[in-house]
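Each remark here refers to the structure printed beneath this line.
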Amino acid sequence: MAKEEIADLIETYLLAWNARDFEKMASLFSEPATYIVPSGNLHIPDKDALVSKLRQQFFTLEAEGFDHTEIEEVVVTMCNDYAALAELRNLRRLKSDGSEIAAIDALYICVLEEGRWQLSVGMAGECGWNDKDGSTI
Numbered sequence: 000m001a002k003e004e005i006a007d008l009i010e011t012y013l014l015a016w017n018a019r020d021f022e023k024m025a026s027l028f029s030e031p032a033t034y035i036v037p038s039g040n041l042h043i044p045d046k047d048a049l050v051s052k053l054r055q056q057f058f059t060l061e062a063e064g065f066d067h068t069e070i071e072e073v074v075v076t077m078c079n080d081y082a083a084l085a086e087l088r089n090l091r092r093l094k095s096d097g098s099e100i101a102a103i104d105a106l107y108i109c110v111l112e113e114g115r116w117q118l119s120v121g122m123a124g125e126c127g128w129n130d131k132d133g134s135t136i
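Following numbering that gives the first Met the number 0, the residues of the sequence shown are numbered contiguously, the last one being 136.
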């Protein structure tokens, strides 16, 4: 049941993302939230700060001709009863003509808070990063 709820959470987030519904997107995150992106870590204290960050991100994306995002596959791994990983594989940001602006893989740590699954930490990386062999300690 939890895996389906998390998959629904990601679908809701994608629908809000493509609709540019910043308030809805922010409502799906825990407070605080964290983004780990190539330019550095963003610690986002509350929903107002997240809405501001999303508006800035979309300003940049739309300057590149962004229209919508598609996700090839979502893989949910339960860590325990209140935490899970949601891997968004081959997330493609597209222009209205279907041409690709960027392709990434994303990973979200999802947490169960007050009976509701929320996004807590988001991380973006190059496609296939999770397929690479890692070193062990």
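Note that beta-carbon positions come from the ideal geometry of N, C-alpha and C, so glycine has one too.
About 21 Å separates the Cβ atoms of Val110 and Arg88, ruling out a contact at the 8 Å cut-off. The region 50-57 and the region 75-87 do not touch, with fewer than three beta-carbon pairs separated by less than 8 Å.
Around the beta-carbon of Tyr81, fewer than 16 other beta-carbon atoms lie within 10 Å, marking it exposed. Residues Phe57 of the same chain have their beta carbon placed closer than 7 Å to that of Arg19, with the five preceding and five following residues left out of the count. Ile70 is the residue among Gly64, Lys52, Glu22, Ile70 whose C-alpha sits nearest the C-alpha of Leu106.
If you check the CB distance, Trp116 and Glu30 do not come in under 8 Å. Secondary structure of Met122 (DSSP, three-state): strand. Between Glu63 and the set Leu13, Ile100, Glu10, the nearest pair of CA atoms involves Ile100.
For Asp47, the closest C-alpha among the options Arg92, His67, Val36, Lys23 is that of Lys23.
For Phe28 against Leu49, the beta-carbon gap comes to about 6 Å, under 8 Å, which counts as contact.
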